[in-house]
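> Listed in order, the protein sequences are those of chains A and B.
Mapped onto the numbering used here, the consecutive letters of the first sequence carry residue numbers 5 to 238.
Mapped onto the numbering used here, the consecutive letters of the second sequence carry residue numbers 5 to 238.
The structure is given below, and queries will be raised subsequently.
There are 2 protein chains.
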Amino acid sequence: MKRIAVVEDDALVREELSEILRRANYEVYEICEFEKAGERLLELSPDLVLLDLNLPGAGGFEICRILKQAGSMPVFVLTSRDQMQDELRALKLGADEYLTKPCRAERLLARLENILKRYEGRRNLLEGEGFLLDRQTYTLYIDDTSVILPKNQGKLLEVFLTRRDQLITKEELCLAVWGTTEFIDENALQVNLTRLKKTMAVVGMRQRIETVRGEGYRLGLQQQACAYVSRPQP
Amino acid sequence: MKRIAVVEDDALVREELSEILRRANYEVYEICEFEKAGERLLELSPDLVLLDLNLPGAGGFEICRILKQAGSMPVFVLTSRDQMQDELRALKLGADEYLTKPCRAERLLARLENILKRYEGRRNLLEGEGFLLDRQTYTLYIDDTSVILPKNQGKLLEVFLTRRDQLITKEELCLAVWGTTEFIDENALQVNLTRLKKTMAVVGMRQRIETVRGEGYRLGLQQQACAYVSRPQP
DNA sequence: AAAACACTTACAGCTGATGAAAGAAACTGA
DNA sequence: TCAGTTTCTTTCATCAGCTGTAAGTGTTTT
Chain A
5 MKRIAVVEDD
15 ALVREELSEI
25 LRRANYEVYE
35 ICEFEKAGER
45 LLELSPDLVL
55 LDLNLPGAGG
65 FEICRILKQA
75 GSMPVFVLTS
85 RDQMQDELRA
95 LKLGADEYLT
105 KPCRAERLLA
115 RLENILKRYE
125 GRRNLLEGEG
135 FLLDRQTYTL
145 YIDDTSVILP
155 KNQGKLLEVF
165 LTRRDQLITK
175 EELCLAVWGT
185 TEFIDENALQ
195 VNLTRLKKTM
205 AVVGMRQRIE
215 TVRGEGYRLG
225 LQQQACAYVS
235 RPQP
Chain B
5 MKRIAVVEDD
15 ALVREELSEI
25 LRRANYEVYE
35 ICEFEKAGER
45 LLELSPDLVL
55 LDLNLPGAGG
65 FEICRILKQA
75 GSMPVFVLTS
85 RDQMQDELRA
95 LKLGADEYLT
105 KPCRAERLLA
115 RLENILKRYE
125 GRRNLLEGEG
135 FLLDRQTYTL
145 YIDDTSVILP
155 KNQGKLLEVF
165 LTRRDQLITK
175 EELCLAVWGT
185 TEFIDENALQ
195 VNLTRLKKTM
205 AVVGMRQRIE
215 TVRGEGYRLG
225 LQQQACAYVS
235 RPQP
């Protein structure tokens with residue numbers, strides 16, 4: 005049974021929505037602490053979030069942003085704000101649907117089901133810039149092609165993706181790949197990093213693994229090559 | 005550059021849509037033979053289909069059905085029919101979006117982009133009942149888990165999925181797996197079929213491979229076990 | 001019961017992932 | 001510039017898992 009979280013401040017509307025969803029055989033979670041909604045939702049990890057925009061506190065946009073940045077949980081915006089601006093903003097933030105209240109139950113349910121269907125098998129997909137990575141099989145999707153990464157390369161890429169733009173130490177990488185900090189074989193890690201780099205280049209990823217000498221590694225976007233950089237003379 | 009096919013009989017509207025899309029940097033294909041639209045679209049295989057419902061001939065619903073049955077090409081319905089019935093029907097058929105004309109260009113483009121984003125990496129995904137199969141890597145998605153099938157098992161399952169409910173001869177299966185009808189090693193095929201069956205059972209697929217003695221094989225849904233079936237006495 | 005067909009299991013060969021080792025390259029500070 | 005340190009590359013043997021072969025078991029048909 006699919007689990008749906010409802011984020012809506014009007015108690016009456018919330019109740020009505022929950023009722024509709026329950027009748028349609030969904031497991032419903034009502035979120036009322038709007039300040040911490042983002043965290044709570046990430047922790048709860050429902051199959052879909054039904055989100056109002058006019059909320060006390062941070063507001064629906066912020067929640068949407070948080071959810072969409074973190075992963076690929078579908079967000080269904082249902083609001084009374086019918087400004088085109090709001091719709092565009094929500095969609096740009098990655099919302100999967102935007103409907104205005106009042107809304108017939110049939111339409112709501114049909115669109116909801118649609119989105120859930122679209123997300124089938126996506127729960128374990130990590131989003132990168134321009135690609136997707138399956139956390140279980142380490143299948144990498146990029147530009148309409150897919151490649152299976154060897155397990156070690158997959159684990160490394162996974163770490164880099166879940167802690168984007170952060171510096172990651174060798175110890176942490178070893179821990180992620182071999183599950184232990186005890187015997188850190190720097191060389192084995194090194195070889196696997198080299199292999200991952202090569203794979204990334206071959207499949208055409210724009211990201212590169214940057215080395216921070218003495219500290220660790222970081223995943224960053226490839227700088228555009230510049231023809232006017234001065235070079236040391238030979 | 006993403007390729008979009010526009011299926012719309014009103015030449016004026018068609019031109020306008022095309023213009024909007026071209027400005028947004030899409031490659032646009034206009035489809036005018038509405039009778040053969042289904043085939044044409046499958047052959048063209050654009051990244052998205054923008055579909056009107058009021059078409060001469062078979063009509064938009066039929067085209068939608070054909071596209072959605074064949075694979076996972078996103079279908080964006082844009083129509084002047086604003087009956088709730090139509091919307092529900094289109095969505096049930098698997099349409100990814102349903103908007104009514106007239107529609108502001110910004111909204112159209114925002115929703116369109118949204119869908120394209122959702123379909124990233126999905127182009128090679130074959131839909132089965134309750135699971136998905138990646139044609140390139142033979143990664144199988146089922147119930148929020150994913151498994152990589154060995155190449156031969158993947159090829160076999162692929163054949164069964166692309167010719168659903170049809171009987172498939174051993175020759176055809178051999179052709180699909182080894183690319184030749186010359187040396188049909190019945191035994192090798194047999195072994196691989198056994199392995200696929202086992203995998204399917206292990207991951208919990210509801211489909212089973214049925215044997216048609218002397219003819220070939222067919223993929224069918226597992227019958228629900230019935231407690232009241234009479235059994236031969238021991 | 002015999003023949004034809006379908007299925008299962010065990011095993012050996014092969015491919016591709018992995019880590020060890022050795023050495024090259026790059027960076028650092030004097 | 002140079003020595004010391006760190007990072008990177010390449011090669012190679014090992015190992016796991018996929019594959020086809022072979023032999024034997026089960027099932028259906030006549």
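Built from N, CA and C at the ideal position, the CB exists for glycine as well.
Keep in mind it's a predicted model, so treat the numbers as computed, not measured.
Using beta carbons (cut-off 9 Å, strictly below), is N118(B) in contact with chain A?
Numbered from 1 along the second sequence, position 114 holds the residue referred to as residue 118(B). Yes, contact with chain A.
> Enumerated in chain order, which unbroken segments of the beta strand (DSSP E) with a length of 3 residues or greater are wholly contained in the region 127-152 of chain B?
Entirely contained in the region 127-152 of chain B, the beta strand (DSSP E) runs reaching 3 residues are, in chain order, 129-132, 135-138, 143-146, 149-152.
> Any residues in the region 142-169 of chain B with a beta carbon nearer than 8 Å to a beta carbon of chain A? Which ones, in chain order?
Under the 8 Å Cβ criterion, the region 142-169 of chain B contributes T143, Y145, I146, D148, T149, S150, V151, I152.
> I'd like to know if the region 114-131 of chain B and the region 58-76 of chain B are in contact, where contact means that at least 3 CB-CB pairs between them fall below 8 Å.
In short, these stretches touch, since the Cβ pair count reaches three.
> Please report how far the alpha carbon of L193(A) lies from the alpha carbon of K155(B), in whole angstroms.
Residue mapping note: residue 193(A) aligns to position 189 of the first sequence, counting from 1. Residue mapping note: residue 155(B) aligns to position 151 of the second sequence, counting from 1. Approximately 29 Å between the Cα atoms of the pair.
> With a threshold of 8 Å (Cβ to nearest heavy atom), would E66(A) be considered close to the ligand ADP?
Of the ligands one can find in the structure shown there are none, so the ligand ADP has no counterpart to examine.
> So N128(B) contacts chain A; which residues on that side make the cut at Cβ distance below 8 Å?
For the purposes of this step, residue 128(B) is taken as the residue at position 124 of the second sequence. In chain order: D148, T149, S150.
> Just to confirm the assignment, what range does the beta strand (DSSP E) spanning L55(B) have?
On the second sequence, position 51 is the one that residue 55(B) refers to. Taken as a continuous stretch (DSSP letters only), the beta strand (DSSP E) holding L55(B) covers 52-55.
> Tell me, to the nearest whole angstrom, how far the beta carbon of A97(B) is from that of C68(B); I am working on the premise that it is less than 8 Å.
Reading the second sequence from its first residue, position 93 is the one you call residue 97(B). Reading the second sequence from its first residue, position 64 is the one you call residue 68(B). According to the sequence provided, residue 97(B) is Leu. The question's Ala does not apply to it. Going by Cβ atoms, the distance from L97(B) to C68(B) rounds to 5 Å, so yes, they are a contact pair.
> Just verifying my parser: in three-state terms, what is the DSSP assignment at Q228(B)?
For the purposes of this step, residue 228(B) is taken as residue 224 along the second sequence, with counting starting at 1. With a pLDDT of only 48 at Q228(B), under the threshold of 50, the placement of this residue in the model should not be trusted, and no figure is reported.
> Pick out whichever of A41(A), V207(A), V81(A), E39(A) has its Cα sitting closest to the Cα of P106(A).
For the purposes of this step, residue 106(A) is identified with residue 102 of the first sequence, where counting begins at 1. Checking every option, the nearest Cα to that of P106(A) belongs to V81(A).
> Where does A62(B) fall in DSSP's three states?
In the second sequence, the residue the question calls residue 62(B) occupies position 58. Here A62(B) sits in coil by DSSP.
> From the DSSP output, in three-state form, read off R212(A) for me.
Walking along the first sequence from the start, residue 212(A) turns up at place 208. It is a strand residue.
> Look up F80(B) in the DSSP assignment and say whether it is helix, strand or coil.
Working through the second sequence from its first residue, we reach residue 80(B) at position 76. Strand, per DSSP.
> Could you check whether V11(A) and L46(A) sit closer than 9 Å to each other, using their CB atoms as the reference points?
Position 42 of the first sequence, counted from the first residue, corresponds to residue 46(A). Position 7 of the first sequence, counted from the first residue, corresponds to residue 11(A). The answer is no: Cβ separation not under 9 Å.
> Do L171(A) and L161(A) come within 9 Å of each other at the CB atom, strictly closer than that value?
Within the first sequence, numbered from 1, the residue matching residue 161(A) stands at position 157. Within the first sequence, numbered from 1, the residue matching residue 171(A) stands at position 167. Result no, Cβ atoms of L161(A) and L171(A) do not sit closer than 9 Å.
> What residues of chain A sit near A114(B), judged by a beta carbon separation below 8 Å?
Translated into positions along the second sequence, residue 114(B) becomes position 110. Correct list: E91, L92, L95, K96.
> A114(A) bridges to which residues according to DSSP?
As a working note, residue 114(A) is residue 110 in the first sequence. According to DSSP, A114(A) bridges with nothing at all.
> On the DSSP bridge assignment, give the partners of L223(A) in chain order.
Taking the first sequence and counting its residues from 1, the one referred to as residue 223(A) is at position 219. DSSP lists I213(A) as partners of L223(A).
> Who pairs with T104(B) in a beta bridge, going by DSSP?
Numbered from its first residue, the second sequence carries residue 104(B) at position 100. T83(B).
> Suppose the cutoff is 8 Å on Cβ atoms and the five residues either side in sequence are ignored; what does the same chain contact list for T184(B) look like?
As a position in the second sequence, residue 184(B) is number 180, starting the count at 1. Same-chain partners within the cutoff: C178.
> Just checking: is the beta-carbon of L241(A) within a distance shorter than 9 Å of some beta-carbon in chain B?
Any answer about residue 241(A) is impossible in this case: the structure gives chain A only from 5 up to 238.
> Which residue's Cα is closest to the Cα of L112(B): F135(B), V53(B), P60(B), L144(B)?
In the second sequence, counting from the first residue as 1, residue 112(B) sits at position 108. For L112(B), the nearest C-alpha among the options comes from V53(B).
> Should R108(A) be flagged as near chain B, meaning a C-beta pair shorter than 9 Å?
Residue 108(A) sits at position 104 when you count from the first residue of the first sequence. Chain B contact via Cβ: present.
> In whole angstroms, give me the CA-to-CA distance for G64(B) and R93(B).
In the second sequence, the residue the question calls residue 64(B) occupies position 60. In the second sequence, the residue the question calls residue 93(B) occupies position 89. When rounded, the distance between both Cα atoms is 11 Å.
> Among R115(B), A109(B), V206(B), which has the Cα closest to the Cα of L103(A)?
Sequence index remark: in the first sequence, residue 103(A) carries index 99 (1-based). The candidate whose alpha carbon is nearest that of L103(A) is R115(B).
> Name the residue from D56(A), E110(A), V195(A), E66(A) whose alpha carbon lies nearest to the alpha carbon of Q157(A).
Start at 1 with the first residue of the first sequence, and residue 157(A) comes out as number 153. Checked all of D56(A), E110(A), V195(A), E66(A); the closest Cα to Q157(A) is V195(A).
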